[in-house]
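S.K.: Attaching a single structure in C-alpha cells format; questions to follow.
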Amino acid sequence: MKTTLALLAISILLTSCTQHDESKLTVLNNAMAKDRFTLVKSGEIEIPLDSTSFNFSHYPVYYTNDSVAYYVSGNEIINSIDFYDLKTRKLVRRNMYPTEGPDGLINTLKLFVKSLDSIYVYPTHPDLLKKDHAIVLTNFSGEILHRYPMPWLDRESWMTHLAAPLTIIGDNAYFSFMKYGDNRAQIQQRALVEWNMKTGSYVAFGPQYPDAFKQYYYDDFTPIFALGYHNTFVVSFQSLPFVHGFNINRKDSIVDVPMRSQFQQKEIVPNKTITDAHDRDRDFEELGQGQYTQIQYDPFQLVYYYTYQDGIAIYNADGEKNSWDDKPISIIIFNTAFEYCGEFQLPANTYMPNNFIPSKEGLLIPTSHPKNANNNEDILHFDVFKLARL
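The opening residue of the sequence shown carries number 167 in my numbering; numbering runs sequentially from there.
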C-alpha cells in the first residue's frame, strides 16, 4: 500500500532533474548581487521509518526552538501528525486522529506549526462537508483545541499546497487565491487572501495577476509564495520569470523583479489556439514547457531558494516517452534585496523535488527520487546542503 500511494503521489505532484549542457546558459537581466553563492553538500541525515510512513512528505514542515529541531509531516496512511527529531534521528511523537467526530480530522496533510502549543491543520478532502470546512488548532499532545469555521465560496479558491503553504501570522491565515476559470479569468484579481480566523473577515491582497495572462491560455499560472524577510510575502506566477514582494506590515509592494533561471533555454509560451483547458496539449505543457515551481525562505541564511524545472523533449533518443521525473531542476538563490546570488543544478535522478527544507543545519533535500537506485522506503534520508561563497 505504501509503495502504491507513493507512486501515485509522485505522478501527481512531483518532478525531477537531469543535467544541462552548461555551455548553453542563458544571459540574465536579473539584478546581480555583489556576494555570489552556490550550494555544497555538507552531510547526510538518516532516520529509520516504520511501514506506515513515506520517505518523503507531500507537505514537509520544519520547526525549531531553543531545544528541539523537528521534521513534521502529516501521515496520510494512518491519519497522524508525525514528529521526527533531527538531532536524535528518530520519531519522537505520533498523534493519530479519527477522521470524524469532535476530536477528528479528515486528513492531516496541510500544517503550520507556530509553536508546539499551536499547530494549525487545514483538512481538505472532496467529501468534506460545508459545516466541517475549518482550520483546526491542535498541539504537540494531540488535543483538538479549537475549530475556526471558514467561508464556503462557490466560485473562488483559497489554495494551500507544497508551493503555497498554509501560513498563520497572529490571528490571520494566508492563502493563494484564484477565481473559477483559467488564467484569463484572474485579471485584476489579487494573488493572495488574508482571512481573520476570529472575526471571519477576509481581504484579497498582494500583487495582481499579470496582464500577460489576459489573452491566451497558460497551463501554469497559479501563485506560489513564501513568507520571507520581515513579513514580506514573495510571490511568483509559475510561467513567468519574475518575483513580487508584498510587506504586510508596511502594506507596500515590489513587483515584476526579474528572477530568471540561467538554465531556462526557451520562453514559457501560452497556447494561442485553444479556448478551453481541456483542449491543451498535455505532453507539451507538462514536459516541453519549463516552470518555476517553488519559493522558500531560509531565515538562518537570509536568502530565498527559487526552484525551476526546464522543459525537455517529449521522447528520448530511444523513442521512449519521457516523464516528469526526467526534467532537470535548479535552485536559484536570491537575497532579501531581490538580487540574484547564484544557481545550483541538482544531479539527475537523486532528489525528491520541491520537498526542500531550509533548516539550521542547512538546506535538507530528501534522496527519495523514484529513479534513485539507493532510494530506501524504510529510511528518511536527507542530503544537507550549505551555502558556499563563490
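Beta carbons: idealized from backbone N, C-alpha and C, even for Gly. Computed from a predicted structure; not experimentally measured.
1. For Asn-415, which option in Asn-397, Val-401, Lys-432 has the closest C-alpha, if you only look at C-alpha atoms?
2. Check the DSSP bridge columns for Val-435 and list the partner residues they point to.
3. Short of 7 Å in beta carbon distance, which residues of its chain neighbour Gly-270, apart from the five on each side in sequence? Order them along the chain.
4. At 3 residues or longer, and completely inside the region 307-385: list those beta strand (DSSP E) runs for me, N to C.
5. To which residues of the same chain is Phe-510 closer than 6 Å at the C-beta, ignoring the five residues directly before and after it?
6. In terms of alpha-carbon separation, which member of Ile-461, Thr-365, Arg-321 lies closest to Pro-389?
7. Just verifying my parser: in three-state terms, what is the DSSP assignment at Leu-453?
8. Who are the Cβ neighbours of Asn-196 in its own chain at under 7 Å, not counting the five residues just before and after it?
9. With the cut-off set at 8 Å, would you say Phe-222 and Ser-419 are in Cβ contact?
10. Going by other Cβ atoms of all chains shown within 10 Å of its Cβ, with 16 needed for buried, is Trp-318 buried or exposed?
11. Reducing DSSP to helix, strand and coil, say where Asp-201 ends up.
12. Given a cut-off of 8 Å, decide if Gly-456 and Tyr-474 are closer than it, judged by their beta-carbon atoms.
13. Report the CB separation of Tyr-340 from Glu-309 in whole angstroms; it is logged as a contact under 8 Å.
14. Please state if the CB of Phe-551 and the CB of Ile-523 are separated by a distance shorter than 8 Å.
15. What are the start and end residues of the beta strand (DSSP E) that includes Glu-509?
16. I need the DSSP call for His-291, collapsed to helix, strand or coil.
17. Beta-carbon within less than 6 Å of Asn-541's beta-carbon, same chain only, minus the 5 sequence neighbours each way: which residues are those?
18. To the nearest angstrom, report how far apart Gln-430 and Ser-402 are at their CA atoms.
19. Tell me the residue span of the beta strand (DSSP E) that contains Ala-554.
20. Can you name the start and end residues of the beta strand (DSSP E) that Pro-424 belongs to?
21. Who are the near neighbours of Phe-249 in its chain, counting only those whose CB is closer than 6 Å to its CB and skipping five residues on each side?
22. For Ile-434, count neighbouring C-beta atoms within 10 Å of its own C-beta (all shown protein chains included) and say buried if the count is 16 or more, exposed if not.
23. Counting Cβ pairs, one atom from each stretch, are 3 or more of them under 8 Å apart for the region 374-389 and the region 404-411?
24. Per DSSP, what are the beta-bridge partners of Thr-304 in this structure?
25. Check for me: the beta strand (DSSP E) holding Arg-259 runs from which residue to which?
26. Assuming Ser-277 and Ile-211 make a contact with CB atoms under 8 Å, what is their CB distance in whole Å?
27. Could you pull out every residue in the same chain whose Cβ sits closer than 7 Å to the Cβ of Leu-556, ignoring the five residues on either side in sequence?
28. Does Ala-392 come out as helix, strand or coil in the three-state DSSP assignment?
29. By alpha-carbon positions, which one of Leu-328, Leu-546, Thr-230 ends up nearest to Asn-520?
30. Tell me the rounded alpha-carbon separation between Trp-490 and Asp-476.
31. What residue range is occupied by the uninterrupted beta strand (DSSP E) comprising Ile-497?
32. If the criterion is Cβ atoms closer than 8 Å, does the pair Tyr-286 and Leu-358 meet it?
M.R.: If we stick to the structure as given:
1. Asn-397
2. According to DSSP, residue pairing for Val-435 in a beta bridge does not occur.
3. Tyr-263, Pro-264
4. 310-315, 322-325, 333-335, 338-345, 356-362, 368-374
5. Listed in chain order, the non-local C-beta contacts of Phe-510 below 6 Å within the same chain comprise Thr-204, Leu-205, Ile-497, local neighbours out to five positions each way being set aside.
6. Checked all of Ile-461, Thr-365, Arg-321; the closest Cα to Pro-389 is Ile-461.
7. helix
8. Pro-424, Met-425, Arg-426, Tyr-506
9. no
10. exposed
11. coil
12. yes
13. Going by Cβ atoms, the distance from Tyr-340 to Glu-309 rounds to 25 Å, so no, they are not a contact pair.
14. no
15. 506-511
16. coil
17. Ser-534
18. 16 Å
19. 545-555
20. Looking at the DSSP string, the run of the beta strand (DSSP E) that includes Pro-424 is 418-424.
21. Excluding sequence neighbours, Phe-249 sits near Tyr-236, Val-238, Val-258, Arg-259.
22. Here Ile-434 is buried. Its C-beta has 16 or more other C-beta atoms within 10 Å.
23. Contact holds: three or more Cβ-Cβ distances are below 8 Å.
24. Ile-285, Ile-310
25. 256-262
26. Just to set this straight, residue 277 is Leu in the shown sequence, not Ser. Not really, about 20 Å apart at Cβ, beyond 8 Å.
27. Same-chain partners within the cutoff: Arg-202, Phe-203, Thr-204, Gly-508.
28. strand
29. Leu-328
30. C-alpha separation (whole angstroms): 10 Å.
31. 495-501
32. no
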